[in-house]
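S.K.: Have a look at this one.
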Amino acid sequence: MHVQVVLFDGFDPLDVIAPYEVLYAGGTASDGAVTVELVSAEGPREVISGTGGLTLRATGAVDLGRANLLLVPGASGRVGEPGATPEEEVGAGEWKRDEFIPVLLGRTLTTELPALLERAMNDPGITVAAVCGGSLVLAMAGLLEGRHATTHHLGLDLLDATGAHAVRARVVDDGDLITGAGVTSGLDLGLYLLEREVGPQIAHAVEELFAYERRGTVWRTQGPVPAAL
Numbered sequence: 004m005h006v007q008v009v010l011f012d013g014f015d016p017l018d019v020i021a022p023y024e025v026l027y028a029g030g031t032a033s034d035g036a037v038t039v040e041l042v043s044a045e046g047p048r049e050v051i052s053g054t055g056g057l058t059l060r061a062t063g064a065v066d067l068g069r070a071n072l073l074l075v076p077g078a079s080g081r082v083g084e085p086g087a088t089p090e091e092e093v094g095a096g097e098w099k100r101d102e103f104i105p106v107l108l109g110r111t112l113t114t115e116l117p118a119l120l121e122r123a124m125n126d127p128g129i130t131v132a133a134v135c136g137g138s139l140v141l142a143m144a145g146l147l148e149g150r151h152a153t154t155h156h157l158g159l160d161l162l163d164a165t166g167a168h169a170v171r172a173r174v175v176d177d178g179d180l181i182t183g184a185g186v187t188s189g190l191d192l193g194l195y196l197l198e199r200e201v202g203p204q205i206a207h208a209v210e211e212l213f214a215y216e217r218r219g220t221v222w223r224t225q226g227p228v229p230a231a232l
């Protein structure tokens, strides 16, 4: 399984590093069954995050011919109050420090990323994963209508408004779409991907290495629907 983690200007570093480290360790534990790299829609470049200007390097471009799994992080910036971000600012201009998260997420729609994500979503050989606001990037691009997904709890209403079925869960498995909730859920998402794609023994070995136990029940569209509690 080759994983490409997509960087964009204003990304949240923990959304990237948590699953990257888990998946990289899974590759080591499985003798190379998992490989992972940082990419961007534009190709190799320094990509600035939304956290204090921290920068990571994308070593390549999104390559749907190589990727078995494409992972989209969320953004890091100011949360603000509902309605605090003028609509005309969303997606406009260049990256600035301490921007509103909706602006950073909206700006991805002006890049080549939405078209690449749409191709990935339509490719039966590729699984798309997202952490936190990464689900909103997919949703705002019109790619999650009718799909089950989760995101940061502050974005669940927005996710639902795009036509997705928002689920308040740590990790949601909707077949070829797997999403994680708040930023630290990238650890849980990465461990679940290892269990699902490589096996529980590899996932357990990485849990032990990181001294971290995966949190929450992975939500799937399986089994009976619960009655009201």
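Numbering of the sequence shown is given in the working numbering, commencing with residue 4 and proceeding in unit increments. Glycine is no exception: its CB is placed at the ideal position from the N, C-alpha and C atoms.
Let me know the beta strand (DSSP E) ranges lying completely inside the region 108 to 136, each 3 residues or longer, listed in chain order.
M.R.: For the region 108 to 136, whole beta strand (DSSP E) runs of length 3 or above, ordered along the chain, are 130 to 134.
S.K.: May I have the straight-line CA-CA distance separating L139 from L41, to the nearest angstrom?
M.R.: Approximately 20 Å, taken between the alpha carbons.
S.K.: Between P18 and the rest of its own chain, which residues show a CB-CB distance below 6 Å, the 5 nearest in sequence each way excluded?
M.R.: Note on identity: in this sequence residue 18 is Asp, with Pro being the wrong assignment. Here the set comprises P76, G77, V134, C135, V186, G189.
S.K.: Please say whether L116 and V228 have beta carbons closer to each other than 8 Å?
M.R.: Taking 8 Å as the Cβ cut-off, V228 and L116 do not qualify as a contacting pair.
S.K.: Going by the DSSP bridge assignment, what does L162 pair with across the sheet?
M.R.: Looking at the DSSP assignment, L162 forms no beta bridge with any residue, so it has no partner.
S.K.: Tell me whether D160 is buried or exposed, calling it buried when 16 or more other Cβ atoms sit within 10 Å of its Cβ.
M.R.: Looking at its Cβ environment, which holds fewer than 16 other Cβ atoms inside 10 Å, D160 is exposed.
S.K.: Just to confirm before moving on: does the CB-CB distance between I205 and G35 stay below 8 Å?
M.R.: The answer is no: Cβ separation not under 8 Å.
S.K.: Going along the chain, which residues of its own chain have a beta-carbon closer than 6 Å to the beta-carbon of Y27, five neighbours each way excluded?
M.R.: The residues are V39.
S.K.: Provide the residue(s) that pair with H5 in DSSP beta bridges, ordered along the chain.
M.R.: T38.
S.K.: What residue from L197, T113, G226, T153 has the CA that sits closest to G137's CA?
M.R.: Closest by alpha carbon: T153.
S.K.: Here's a check: name, in chain order, each residue in its chain whose Cβ is nearer than 6 Å to the Cβ of L108, leaving out the five neighbours to either side.
M.R.: Contacts found: A78, G136, L139, V140.
S.K.: Would A70 pass as a contact of I20 if the rule is Cβ separation under 8 Å?
M.R.: No, the pair does not count as a contact, with Cβ atoms beyond the cut-off.
S.K.: Count the C-beta pairs between the region 190 to 201 and the region 141 to 149 that are closer than 8 Å, then say yes if the count reaches three, no if not.
M.R.: Contact between the region 190 to 201 and the region 141 to 149 is absent, because fewer than three Cβ pairs lie under 8 Å.
S.K.: As a quick exercise: from E211, L212, T182, pick the residue whose alpha carbon is nearest that of R223.
M.R.: It is T182 whose Cα lies nearest to the Cα of R223.
S.K.: Mind checking E192: buried by the 16 CB within 10 Å criterion, or exposed?
M.R.: Note that residue 192 is Leu in the sequence shown, not Glu. Looking at its Cβ environment, which holds 16 or more other Cβ atoms inside 10 Å, L192 is buried.
S.K.: Name, in chain order, the residues that DSSP records as bridge partners for T182.
M.R.: The partner list for T182 (beta bridge, DSSP) reads A133, V175.
S.K.: Among residues of its own chain, excluding the 5 on either side of S33, which ones have a beta-carbon nearer than 7 Å to its beta-carbon?
M.R.: Taken in chain order, the residues that qualify are V201, I205.
S.K.: Can the beta-carbon of V170 be found less than 8 Å from the beta-carbon of V221?
M.R.: For V170 and V221, no; Cβs fall outside 8 Å.
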